[in-house]
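Just below is one structure, and these are the notes that go with it.
There are 2 protein chains.
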Amino acid sequence: MPDLRSVPTLDDVARAAGVSTATVSRCLNSPERVVEQTRKRVMNAVEALGYTPNFGARVMAAKRTFTIGAIIPTMENAIFARALQAFQEELHARGYTLLVASSAYQPKIEEEQIRALVARGADGLLLIGHDRDPAIYEYLRARSIPVLSAWVYAPDSEQPTVGFDNRRSMRVLGQQVIDFGHRRIAMISGITRGNDRASARLVGLRDALQSNGIDADAMPVIETPYEIDTGAAALQNLMQSDRKPTVVMCGNDVLAVGALRGAREMGLSVPEDVSITGFDDIELARIVTPQITTVHVPHHEMGRKAAEALIDIVEKRSTGASVELKSTVQMRGSLRNLNG
Amino acid sequence: MPDLRSVPTLDDVARAAGVSTATVSRCLNSPERVVEQTRKRVMNAVEALGYTPNFGARVMAAKRTFTIGAIIPTMENAIFARALQAFQEELHARGYTLLVASSAYQPKIEEEQIRALVARGADGLLLIGHDRDPAIYEYLRARSIPVLSAWVYAPDSEQPTVGFDNRRSMRVLGQQVIDFGHRRIAMISGITRGNDRASARLVGLRDALQSNGIDADAMPVIETPYEIDTGAAALQNLMQSDRKPTVVMCGNDVLAVGALRGAREMGLSVPEDVSITGFDDIELARIVTPQITTVHVPHHEMGRKAAEALIDIVEKRSTGASVELKSTVQMRGSLRNLNG
DNA sequence: GATGAGAATGTAAGCGCTTACACTCGCGCC
DNA sequence: GGCGCGAGTGTAAGCGCTTACATTCTCATC
Numbered sequence: 021m022p023d024l025r026s027v028p029t030l031d032d033v034a035r036a037a038g039v040s041t042a043t044v045s046r047c048l049n050s051p052e053r054v055v056e057q058t059r060k061r062v063m064n065a066v067e068a069l070g071y072t073p074n075f076g077a078r079v080m081a082a083k084r085t086f087t088i089g090a091i092i093p094t095m096e097n098a099i100f101a102r103a104l105q106a107f108q109e110e111l112h113a114r115g116y117t118l119l120v121a122s123s124a125y126q127p128k129i130e131e132e133q134i135r136a137l138v139a140r141g142a143d144g145l146l147l148i149g150h151d152r153d154p155a156i157y158e159y160l161r162a163r164s165i166p167v168l169s170a171w172v173y174a175p176d177s178e179q180p181t182v183g184f185d186n187r188r189s190m191r192v193l194g195q196q197v198i199d200f201g202h203r204r205i206a207m208i209s210g211i212t213r214g215n216d217r218a219s220a221r222l223v224g225l226r227d228a229l230q231s232n233g234i235d236a237d238a239m240p241v242i243e244t245p246y247e248i249d250t251g252a253a254a255l256q257n258l259m260q261s262d263r264k265p266t267v268v269m270c271g272n273d274v275l276a277v278g279a280l281r282g283a284r285e286m287g288l289s290v291p292e293d294v295s296i297t298g299f300d301d302i303e304l305a306r307i308v309t310p311q312i313t314t315v316h317v318p319h320h321e322m323g324r325k326a327a328e329a330l331i332d333i334v335e336k337r338s339t340g341a342s343v344e345l346k347s348t349v350q351m352r353g354s355l356r357n358l359n360g
Numbered sequence: 021m022p023d024l025r026s027v028p029t030l031d032d033v034a035r036a037a038g039v040s041t042a043t044v045s046r047c048l049n050s051p052e053r054v055v056e057q058t059r060k061r062v063m064n065a066v067e068a069l070g071y072t073p074n075f076g077a078r079v080m081a082a083k084r085t086f087t088i089g090a091i092i093p094t095m096e097n098a099i100f101a102r103a104l105q106a107f108q109e110e111l112h113a114r115g116y117t118l119l120v121a122s123s124a125y126q127p128k129i130e131e132e133q134i135r136a137l138v139a140r141g142a143d144g145l146l147l148i149g150h151d152r153d154p155a156i157y158e159y160l161r162a163r164s165i166p167v168l169s170a171w172v173y174a175p176d177s178e179q180p181t182v183g184f185d186n187r188r189s190m191r192v193l194g195q196q197v198i199d200f201g202h203r204r205i206a207m208i209s210g211i212t213r214g215n216d217r218a219s220a221r222l223v224g225l226r227d228a229l230q231s232n233g234i235d236a237d238a239m240p241v242i243e244t245p246y247e248i249d250t251g252a253a254a255l256q257n258l259m260q261s262d263r264k265p266t267v268v269m270c271g272n273d274v275l276a277v278g279a280l281r282g283a284r285e286m287g288l289s290v291p292e293d294v295s296i297t298g299f300d301d302i303e304l305a306r307i308v309t310p311q312i313t314t315v316h317v318p319h320h321e322m323g324r325k326a327a328e329a330l331i332d333i334v335e336k337r338s339t340g341a342s343v344e345l346k347s348t349v350q351m352r353g354s355l356r357n358l359n360g
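Which chain is which? The protein sequence lines are A and B, in order.
Under our numbering, the first residue of the first sequence carries the number 21, and numbering increases by one thereafter.
Under our numbering, the first residue of the second sequence carries the number 21, and numbering increases by one thereafter.
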C-alpha cells in the first residue's frame, strides 16, 4: 500500500505546531532565537511529520549549501582515497557535506563536473592539480566560488594550493637513485598533457640527471596512463632495448606495481636485474614483493589541511594562502644500491 | 580585479535575447519546441552571458534532478570502484549525474548520507547490500524515491537488487576447497553485524562444511574490519592455535591480502604451509604473490546493469525486478590442492 | 480575402524556503 | 501610569526556474 501523503513542507510543520513558517525555520537554523517552549512544540511536529527540509528551496533562499565539491581524477585506484577520506572527515566535523565526482583524467569531463557541482550550489571546490583552462577559474571567480588545488604546491598561483612540490620530490628521489650508483635510468611517466603532477615529476627527474652530468634528453621515457597493465607493458618495452636501464622510475605507485609485474613476467627479478621506484606511497606499494621504494606523500594531512583551508576561505576567515607539505623518500626493497 | 557582475539568470538571458523567460527555458529543455531563428538568438545570449541554470531553482520548479545518488561502504580500497565507475559511465550516457557518498560501513552514517542525498533531490539511490532499518525504506517510499541494492541478489525483497548470491558463491568456493582435500578450515570474516554480504558469505561457508559432514560450528571464525592489517593479525591469531588450519578463507580480497602478509611475516609460505582464499576478485588479488584464489564478481556488469535498472525505474519504464548475475570461482596460486 | 488549425511565444502562478521588517508583549524605569 | 526597550513571533517578499494556459502568428484552404 503506497503512502500517498505527500512530503511534508515547512508549512505543514508550522500548521501542526501552530506557529508561523518563520518560527519553524528559525527553530531549525538558529534555535537559540526561539524560546524553549515553542521550540519543543515545533520539534515535536517536525518529528511527528518526518519533515526534512527541501534542499533546493533552502539553497535558493539562503545562498548557502554547506556543501563542498571535490573532483578527483580517478576512483579506480586508491591514489586519492586516503586524502579524500580525511578531507571528508574534517568537512563532516565542521558541518559540511562532501560531493565527489571523478574526471577520468580528462579536462573536458572535469569541466563538466565542475559545472555540475557549481550548479548544485557547492560552496567551495577541491580540485587535484592546478593547471587548467583559465576560463574555468574565470567562471568560478564570477560566481565567487572558492577553489583549492591539492597535490601540488604553487605559492605563486592565484588559487591557493595545499600540497607538496612534485618536481623537487622527484628530483630528491632521483638524486638518491644516482647516489646509489645508477646511471642508466629510464622513466615510465603518466600522461603529462593536462596533468601538472606528471609533468613536474618528469621534469624533476631530468633536473636530477642534469645536475649530475647525465644527459637528461637521452633518458628513455614512456608516457602511459596510470594503470597496472600499461606499467607492465612499458617496463617490458624498456627492458627490450639494447641499453637496458638499471632502474626504471615510475610516475606513481600504480605504474611501479605494473612494472614489477612486467619484470616478473619477463623472468627478471627485482631489484637484482632491475630496480623500480614509484611515487605517492599508497598501500599498494607495501603489498607487493619486494616493496616499492617511493616518495611518501602525507595523504591524510593533505586531506585534512585542505578541508581546513577551504572552509576558512568559504567562511571568509582567510583569503587563501598556499600550504606546503613535506614529502619524503621512502626506501624499500625495490631499489638496489649498486655501490653496496 | 574581482568580477562584480552577478551571476546571470534566466531573466537576463531573456532580456538580452528579447524573448520571454519561458522561451529561454524551452530552448534549454526542449529545443525542438522553439523555432530555429529564435533558438539561435537565445543560445547566443546564453553564450555571451555565460549563463548556467541554477540547479536549486530548476529542481524546485521541475521536481526532477537527473541526479542519482550512490552510497558505498568505503572508498579506502577498490572494492566498489570498478562497479561504481561502470555505474557512473552508464548514468552519464543517459544524461544523469552521479553523486557519491561513503558510509564507512556504519548504518548511522549511511542513513545520514541517504537523507543528504534525498534532500539534494536525488531521483534514485544505489545502495550496497540490502539489510537496513525498515524505517529508511519507509522514508524513501514516502518520497517515492526508488532504491536499488547492489552486491546482493534478493528476488523476494520489496526493493529490486542487482547482484549475485553471496551465500551460494561462498558455498561453491567452500566446496572447491573441500574437494581439494582441506578439512581444517578457518575463516576471517568481515564484521557481519549490519553487513548482509559478510553474513551470507559466512553462512555459505558453513553450508559447504555441513553438507560435507564437517562440523561447521567448530570452524574457527575471526570477525574483523576489512583492512589489510586486521587481516594479517587475524591470520597470525589463527595460525597460533593448536590445531592449525590448512586453509584460511577470507571474507574478501583485502582480508586475504592481509592474511598473506601475515603469513609471510610469520615465516609461513603460501600455499605450502597454509592456503588462503579471498572474495570479490579486485585488482589486489592479482597483484600479490602468489595470486589469490577468489570468487570473481562481475563488477563492471553489475555497475552497468544497476544503472540501467535504476533509471528504468526512475523513468517509470519498469517497476523493478531483481537481476541475478553469476559469480565464478577464480582459481589461482594461493590455494593448494592437497590431493595433488 | 476570410477562416481556422497549429505552431510559436508570452504570461504568470507557483515550487519550499529564508529573512528583513513589522508587530506584540511584558518589563523596568522615571 | 506612561514610556522605551528588547525578546519573541508573524508577515510577506523574494530566490530562479518550469509549465499550464492564454495569446499571437502563419499559412493552407475554400
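The C-beta atom is built at its ideal place from N, Cα and C for all residues, glycine as well.
All values reported here derive from a predicted model rather than from experimental measurement.
Practice item. List the residues of chain B that residue 72 (chain A) touches, going by C-beta distances under 9 Å, in chain order. Key: The CB of residue 72 (chain A) comes closer than 9 Å to the CB of 135, 138, 139, 159, 163 in chain B, given here in chain order.
Point to revise | 8 Å Cβ cutoff, residue 77 (chain B) in contact with chain A | key: Output row for residue 77 (chain B): interface = yes.
Point to revise | Cβ-based neighbour list, residue 144 (chain A), same chain, cut-off 8 Å, excluding 5 preceding and 5 following | key: Around residue 144 (chain A), the same chain offers 88, 89, 165, 166, 167, 168, 330, 331, 333, 334 as residues with beta carbons nearer than 8 Å, after the five sequence neighbours per side are excluded.
Point to revise | Residue nearest to residue 244 (chain A) in terms of C-alpha spacing, selected from A:275, A:226, A:256 | key: Ranking A:275, A:226, A:256 by Cα distance to residue 244 (chain A) puts A:275 first.
Practice item. Provide the residue(s) that pair with residue 121 (chain A) in DSSP beta bridges, ordered along the chain. Key: A:91.
**Study point:** Three-pair Cβ contact test at 8 Å for the stretch 23 to 42 of chain A versus the stretch 58 to 70 of chain A
**Key:** With three or more CB-CB distances shorter than 8 Å, the stretch 23 to 42 of chain A counts as touching the stretch 58 to 70 of chain A.
Point to revise | Bridge partner(s) assigned by DSSP for residue 350 (chain A) | key: Note: residue 350 (chain A) sits in a beta bridge opposite A:314.
Exercise for review: Can you tell me which of the three DSSP states residue 300 (chain B) falls into?
Suggested key: The three-state secondary structure of residue 300 (chain B), taken from DSSP, is strand.
**Study point:** For residue 43 (chain B), the first and last residue of its enclosing beta strand (DSSP E)
**Key:** Per DSSP, residue 43 (chain B) lies in no beta strand (DSSP E) segment; the continuous alpha helix (DSSP H) that holds it begins and ends at 41 to 49.
Point to revise | C-alpha distance - residue 326 (chain B) paired with residue 170 (chain B), whole-angstrom precision | key: Each residue's Cα considered, the two are about 7 Å apart.
Review point. Which residue from B:352, B:340, B:360, B:52 puts its Cα closest to that of residue 180 (chain B)?
Key: If we check each option's Cα against that of residue 180 (chain B), B:340 comes out closest.
Exercise for review: Give the straight-line distance between the Cα atoms of residue 323 (chain A) and residue 110 (chain A), rounded to the nearest whole angstrom.
Suggested key: Using only the alpha carbons, I get a separation of about 8 Å.
Review point. Is residue 50 (chain A) buried or exposed, if buried means 16 or more other CB atoms sit within 10 Å of its CB?
Key: Exposed is the call here.
Review point. CB residue 72 (chain A) to CB residue 139 (chain B), shorter than 8 Å?
Key: Remark: C-beta atoms of residue 72 (chain A) and residue 139 (chain B) approach each other more closely than 8 Å.
Check your understanding: Do you know offhand how far residue 54 (chain A)'s Cα is from residue 47 (chain A)'s?
Key -> Taking C-alpha positions only, residue 54 (chain A) is separated from residue 47 (chain A) by approximately 6 Å.
Check your understanding: Quick one: is residue 226 (chain A) near chain B, going by C-beta distance under 8 Å?
Key -> Among the CB atoms of chain B, none fall inside 8 Å of the CB of residue 226 (chain A).
Exercise for review: Compare the C-alpha of residue 294 (chain A) against each of A:317, A:207, A:133, A:302 and name the closest.
Suggested key: The shortest C-alpha separation from residue 294 (chain A) is found at A:207.
Exercise for review: Return the CA-CA distance between residue 252 (chain B) and residue 75 (chain B), expressed in angstroms with no decimal places.
Suggested key: If I take the Cα positions, the gap works out to 47 Å.
Check your understanding: Given that a residue counts as buried once 16 or more other Cβ atoms are within 10 Å of its Cβ, and exposed if not, what is residue 186 (chain A)?
Key -> Residue 186 (chain A) is buried by the Cβ-count criterion.
Review point. Relative to the alpha-carbon of residue 317 (chain B), which residue among B:304, B:184, B:104, B:95 has its alpha-carbon at the smallest distance?
Key: The residue with the shortest Cα to Cα distance from residue 317 (chain B) is B:184.
**Study point:** Straight-line Cα distance separating residue 292 (chain A) from residue 355 (chain A)
**Key:** Approximately 9 Å, taken between the alpha carbons.
Point to revise | For residue 255 (chain B) and residue 286 (chain B), the rounded distance between their alpha carbons | key: Those two C-alpha atoms are separated by around 10 Å.
Point to revise | Enclosing alpha helix (DSSP H) for residue 189 (chain B) [first to last residue] | key: 186 to 199 is the span of the alpha helix (DSSP H), which, as asked, contains residue 189 (chain B).
Review point. Of all the options A:77, A:351, A:128, A:56, which has the alpha carbon lying nearest to the alpha carbon of residue 2 (chain B)?
Key: With chain B running from 21 to 360 in the structure shown, residue 2 (chain B) is simply not present.
Review point. Does any C-beta atom of chain B lie closer than 8 Å to the C-beta of residue 286 (chain A)?
Key: Interface criterion not met: the Cβ of residue 286 (chain A) is under 8 Å from no Cβ in chain B.
Check your understanding: Which class does residue 69 (chain A) belong to by DSSP, given the choice of helix, strand or coil?
Key -> Residue state for residue 69 (chain A) is assigned as helix, using DSSP reduced to three classes.
Exercise for review: Please work out which residues of its chain come closer than 7 Å, Cβ to Cβ, to residue 192 (chain B), disregarding the five sequence neighbours upstream and downstream, and give them in chain order.
Suggested key: 349.
**Study point:** Cβ-Cβ separation, residue 277 (chain B) to residue 258 (chain B) (assumed contact under 8 Å), whole Å
**Key:** No, residue 258 (chain B) and residue 277 (chain B) are not in contact; Cβ-Cβ is about 16 Å, not under 8 Å.
**Study point:** Host beta strand (DSSP E) of residue 169 (chain B) (start-end)
**Key:** 167 to 170 is the extent of the beta strand (DSSP E) around residue 169 (chain B).
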